[in-house]
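Under this note's numbering, think of the first position of the sequence shown as 128, with each following residue one higher.
Backbone N, C-alpha and C define an ideal beta-carbon position, used for all residues, glycine too.
See below for the structure under consideration.
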Amino acid sequence: MPKLIRLYITHVIIGFAIAGAFVGMLLWFDIANLWHLVSNSDKGWLAVLVLWLANGVVFAGVQFGIAVMNMKDDDDEPRGGHKQRVSRNHGQMVPVRVAAQARPETSKRR
128 MPKLIRLYIT
138 HVIIGFAIAG
148 AFVGMLLWFD
158 IANLWHLVSN
168 SDKGWLAVLV
178 LWLANGVVFA
188 GVQFGIAVMN
198 MKDDDDEPRG
208 GHKQRVSRNH
218 GQMVPVRVAA
228 QARPETSKRR
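Structure below.
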């Protein structure tokens, strides 16, 4: 299996595990009376499943994004370019003349 696919699967599993812990904490601490709503409904398991899947997608995406951003890049080349001056007048102000054009007349009466 390619390394990138293995990296993706690993971090998606980690993200869904974090989402499971998050949903478990939501139920344990009874945030917004969620435990009561889930335990007293015949479709409460479906609500927990959807909550876990939705949070799992978010946490897995964040986890994989963090993993990709932390990948090591062995770019040891010097950066910054050549320090060359662009201007010839070295900070002196140069007047620029612009010919004024008349605006077209618009009719205000209708």
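Specify, as a first and last residue, the run of the alpha helix (DSSP H) that Val-189 falls within.
171 to 196
Within the same chain, show all residues whose beta-carbon is closer than 8 Å to that of Phe-186, passing over the 5 residues directly before and after it, in chain order.
Gly-142, Phe-143, Ile-145, Ala-146, Phe-149
Does the separation of the CB atoms of Trp-155 and Trp-162 fall below 9 Å?
yes
Check whether the Cβ atoms of Ala-159 and Ser-168 lie closer than 9 Å to each other.
no
Considering only the beta carbon of each residue, do His-138 and Ala-194 sit closer than 9 Å?
yes
On a CA-only basis, which of Ser-166, Arg-224, Val-177, Tyr-135 is nearest Gln-190? Give me that one, please.
Tyr-135
Pull up the distance between the alpha-carbon of Thr-233 and that of Ala-227, whole angstroms please.
18 Å
For Ala-229, report the span of its alpha helix (DSSP H) as first-last.
Unbroken run through Ala-229: none, as it is neither H nor E.
Measuring alpha carbon to alpha carbon, tell me which residue in Val-221, Met-196, Trp-179 is nearest Gly-151.
With distances taken between Cα atoms, Gly-151 lies closest to Trp-179.
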